[in-house]
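Asker: Quick note, the sequences are listed as chains Z and A, same order. Take the first sequence: its letters are residues 1 to 258, numbered as in UniProt numbering. Take the second sequence: its letters are residues 1 to 258, numbered as in UniProt numbering.
Number of protein chains: 2
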Amino acid sequence: MASPLAYPKTKGTTVNRYNNRATYDVKTIHSIVNESSVLHVSFAPDAEDPFPAILPMIGTMGSFDYPSADLDEPLDCYLHGYVSSRIMRLATSSPQGLPVSIAATKVDGLVLALTPNANSYNYRSAILHGYASIVEKTEEKLWAMELITNSVVPDRWKNSRVPPDSAEMQSTKILRVKITAASGKVREGGPHDEAKDATREDVTGSTWIGVVPVVEKLCEPIPASQNKVGELPNYITDYVAEMNAKVEAYALNAARLP
Amino acid sequence: MASPLAYPKTKGTTVNRYNNRATYDVKTIHSIVNESSVLHVSFAPDAEDPFPAILPMIGTMGSFDYPSADLDEPLDCYLHGYVSSRIMRLATSSPQGLPVSIAATKVDGLVLALTPNANSYNYRSAILHGYASIVEKTEEKLWAMELITNSVVPDRWKNSRVPPDSAEMQSTKILRVKITAASGKVREGGPHDEAKDATREDVTGSTWIGVVPVVEKLCEPIPASQNKVGELPNYITDYVAEMNAKVEAYALNAARLP
Chain Z
1 MASPLAYPKT KGTTVNRYNN RATYDVKTIH SIVNESSVLH VSFAPDAEDP
51 FPAILPMIGT MGSFDYPSAD LDEPLDCYLH GYVSSRIMRL ATSSPQGLPV
101 SIAATKVDGL VLALTPNANS YNYRSAILHG YASIVEKTEE KLWAMELITN
151 SVVPDRWKNS RVPPDSAEMQ STKILRVKIT AASGKVREGG PHDEAKDATR
201 EDVTGSTWIG VVPVVEKLCE PIPASQNKVG ELPNYITDYV AEMNAKVEAY
251 ALNAARLP
Chain A
1 MASPLAYPKT KGTTVNRYNN RATYDVKTIH SIVNESSVLH VSFAPDAEDP
51 FPAILPMIGT MGSFDYPSAD LDEPLDCYLH GYVSSRIMRL ATSSPQGLPV
101 SIAATKVDGL VLALTPNANS YNYRSAILHG YASIVEKTEE KLWAMELITN
151 SVVPDRWKNS RVPPDSAEMQ STKILRVKIT AASGKVREGG PHDEAKDATR
201 EDVTGSTWIG VVPVVEKLCE PIPASQNKVG ELPNYITDYV AEMNAKVEAY
251 ALNAARLP
């Protein structure tokens, strides 16, 4: 269900192509980010380099000031991942924060139509613009580390050795991105063919059309050789089962829509 | 197996963090691109906008001049997707091509260690830098459209209504990206904990460690309500089975490595 809040449209985030699929709804956009196992973060090139930087990173939406905030409320994006020294150096040296673009995309199905031009994906994608700063306050940093750890497997933080020691706190950096604008796109349903193909019996009689649903599946967990805990804990078993049921239900429902 | 060709290291593509996971091998990088259902393409911001553009697009590696070239040979990246008018306008107005960065990332497993700081993902990622130009020659454009269609489902092109008519040829644009540099990263194996945790029985006795393998699974295809072909064709059934077996074998093997 749509939330009351929407992100403002800016020149860079307004969807022009297939704008019937566009959304600026805060809850939808935050959900796409939180359900993506990887985000792609881009920032402007150096003066001598024409290519923008682009990095895969782990991240999640959250509010340190209002930790109980829901997905339909204003949230920051916290990032942790393959943080090159370059992004950290740039974020440190930008008093207003480093301008970054964040992309989250989930493929939910391969949509096969009568002709290649009408093929598509079922998908959910979001693009966020914001200013990235390094989290300096220890309390906020610890909170964000727990948030990000638990975004990968809920309750993992408290079920492993915490808190991080001082060496770990020093070597880890967390970025907080204040979001200024964002947009999303959602495509669901079966193929949409034009009448020029749908009315041709030679085409419809020979071309299978439909959707191959796609899900990111969590397989049966495999213990490390040095694992000493005999039984797989419930918080992992339950999460694997719940996530698989949730993403499959979404993809199958999206595929069955007209 | 590594190929003899490697991409040159440039300032923007040299891996500094976790550089033991780095690869510049042409075959590895091309494979990561071709096995990714979505690529993220970034290009520099407008003068008045600090945020780089970032778009999810469909693409694949290929060589129009040497169509039988293998993955370990020089290839271009052909892109088709949510092509905003902006990227097309910029590519058209850049005589040398528009500088773009392309990212491909596949998550293969959640790696759970004794402490959050040692958690990781098994993953394969690639970043490519190159110059994007619009494919103008009809012969190359048709070839690339077939290549991209068949990268989603092999043999789909010839099993649907082709060739595209003139309206479809006009409304579709394909970008060819000449790659100038690229790098990849591959992480596989179980968790690597430090001795400070691995020697503590209270930690090892209470914390399950291992890998939750992650796969992009293709589910049972769902026919569209208007589908007229009774039986699912073999080229689709076979592809779904082969892809699922391949990605699961990769993720499980990666999880079981030390």
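Virtual Cβ for every residue (Gly too), placed ideally from N, Cα, C. Only a predicted model underlies this, so the values are computations on that prediction, with no experimental measurement involved.
For the region 16 to 38 of chain Z, which residues have a beta carbon sitting closer than 8 Å to at least one beta carbon of chain A?
Answerer: Residues N16, R17, Y18, S37 and V38.
Asker: Using a Cβ-Cβ distance under 8 Å, would residue 310 of chain A count as near chain Z?
Answerer: What is shown of chain A runs 1 to 258, which leaves residue 310 of chain A out entirely.
Asker: DSSP three-state call for Z:M1: helix, strand or coil?
Answerer: In this prediction, Z:M1 scores a pLDDT of 49, lower than 50, which makes its location untrustworthy; no coordinate-derived value is stated.
Asker: Which residues of the region 169 to 192 of chain Z have a Cβ closer than 8 Å to any Cβ of chain A? Give them in chain order.
Answerer: So the close ones are S171, T172, K185, G190 and P191.
Asker: Looking at the C-beta of A:A47, does it have a partner C-beta in chain Z at a distance below 8 Å?
Answerer: No, because no Cβ of chain Z sits closer than 8 Å to the Cβ of A:A47.
Asker: For A:A61, I'd like the list of residues in its chain whose CB is within less than 8 Å of its CB, leaving aside the five on either flank, ordered along the chain.
Answerer: Sequence inspection shows Met at residue 61 of chain A; the Ala mentioned does not correspond to that position. The residues are H30, V33, N34, L71, L75, D76, C77 and Y78.
Asker: Name the residue from A:L147, A:D202, A:T28 and A:A167 whose alpha carbon lies nearest to the alpha carbon of Z:K228.
Answerer: Looking at the Cα atoms, A:D202 is the closest of the given residues.
Asker: Quick one: what does DSSP say A:D202 is sitting in, helix, strand or coil?
Answerer: Helix.
Asker: Check A:N117 in the structure and name its three-state DSSP category.
Answerer: Note: A:N117 maps to helix in three-state DSSP.
Asker: Using only CA atoms, which one of A:Q170, A:G205, A:V215 and A:A241 lies nearest to Z:Q226?
Answerer: If we check each option's Cα against that of Z:Q226, A:G205 comes out closest.
Asker: Mind checking whether the beta-carbon of A:P45 lies closer than 7 Å to any heavy atom of the ligand NAD?
Answerer: The ligand NAD is not part of the structure shown, which contains no ligands of any sort.
Asker: Starting from the Cα of A:T28, find the closest Cα among A:Y235, A:K185 and A:W208 and give me that residue.
Answerer: When each option's Cα is compared against that of A:T28, the closest is A:K185.
Asker: In whole angstroms, what is the alpha-carbon distance linking Z:E146 and Z:P223?
Answerer: Looking at the two C-alpha atoms, the distance is approximately 23 Å.
Asker: Go through its chain and collect everything with a Cβ distance to Z:A53's Cβ below 6 Å, but skip five positions before and after it.
Answerer: Closer than 6 Å at Cβ, skipping near neighbours: F43.
Asker: Expressed to the nearest angstrom, what Euclidean distance is found between the alpha-carbon atoms of A:A118 and Z:R156?
Answerer: One C-alpha to the other measures close to 12 Å.
Asker: So, does the CB of Z:V135 fall closer than 8 Å to a CB anywhere in chain A?
Answerer: Judged by the 8 Å Cβ criterion, Z:V135 is not in contact with chain A.
Asker: Is it buried or exposed for A:P99, if we count other Cβ within 10 angstroms and need 16 for buried?
Answerer: It counts as buried.
Asker: Considering only the alpha carbon of each residue, which of Z:P154, Z:I58 and Z:G12 lies closest to A:T48?
Answerer: The displayed chain sequence assigns Glu, not Thr, to residue 48 of chain A. If we check each option's Cα against that of A:E48, Z:G12 comes out closest.
Asker: Would you mind sorting A:E220 into buried or exposed? The rule is 16 or more other CB atoms within 10 Å of its CB.
Answerer: A:E220 is exposed by the Cβ-count criterion.
Asker: Can you pull the chain Z residues whose beta carbon is under 7 Å from the beta carbon of A:K246, in chain order?
Answerer: Under the 7 Å cutoff, chain Z gives no residues; its nearest Cβ is about 14 Å from A:K246.
Asker: From Z:Y123 to Z:K106, what distance separates their C-alpha atoms?
Answerer: For Z:Y123 and Z:K106, the distance between alpha carbons rounds to 6 Å.
Asker: Under 9 Å, CB to CB, which of the residues in the region 47 to 77 of chain Z have a partner in chain A?
Answerer: So the list reads E48, D49, P50, F51, P52, A53, I54, L55, P56 and I58, given in the order they occur along the chain.
Asker: According to the Cβ coordinates, are Z:P116 and A:P164 closer than 8 Å?
Answerer: Yes.
Asker: Strictly below 9 Å CB to CB, what residues from chain Z border residue 338 of chain A?
Answerer: Any question about residue 338 of chain A goes unanswered here, given that chain A covers just 1 to 258.
Asker: Can you give, in chain order, each stretch of the alpha helix (DSSP H) that sits fully within the region 34 to 109 of chain A and has at least 4 residues?
Answerer: Runs of the alpha helix (DSSP H) inside the region 34 to 109 of chain A: 85 to 92.
Asker: Please classify A:E242 as buried or exposed, where buried requires at least 16 other C-beta atoms within 10 Å of its C-beta.
Answerer: Exposed, by the Cβ-count rule.
Asker: Can you tell me whether A:P191 is buried or exposed, with buried defined as 16 or more other CB within 10 angstroms of its CB?
Answerer: With 16 or more Cβ atoms within 10 Å of its Cβ, A:P191 is classed as buried.
Asker: Are Z:T14 and Z:S125 touching if we call contact CB-CB under 8 Å?
Answerer: It is not a contact, given that the beta carbons lie outside the stated cut-off.
Asker: So what's residue 259 of chain Z in DSSP terms, helix, strand or just coil?
Answerer: In the structure displayed, chain Z extends from 1 to 258; residue 259 of chain Z sits before or after that span and is not available.
Asker: Out of A:Y239, A:T172 and A:I148, which one is the CA nearest neighbour of A:I134?
Answerer: Cα-wise, what sits closest to A:I134 is A:T172.
Asker: Alpha carbon to alpha carbon, how far is Z:R17 from A:S85?
Answerer: Between Z:R17 and A:S85, the C-alpha separation is close to 8 Å.
Asker: Go ahead and pull the three-state DSSP assignment for Z:V162.
Answerer: Here Z:V162 sits in coil by DSSP.
Asker: Would A:G210 pass as an interface residue toward chain Z - the criterion being a Cβ-Cβ separation below 8 Å?
Answerer: Closer than 8 Å to some Cβ of chain Z, the Cβ of A:G210 qualifies, so yes.
Asker: Return the chain-ordered ranges of every alpha helix (DSSP H) run that is complete within the region 2 to 32 of chain A and spans a minimum of 4 residues.
Answerer: Listed in chain order, there is nothing to give.
Asker: Comparing alpha-carbon positions, which option in A:K178, A:W208 and A:E136 lies nearest A:Q170?
Answerer: Minimum Cα distance to A:Q170 is reached at A:E136.
Asker: Looking at the secondary structure, which residues open and close the beta strand (DSSP E) in which A:I179 lies?
Answerer: A:I179 -> beta strand (DSSP E) spans L175 to R187.
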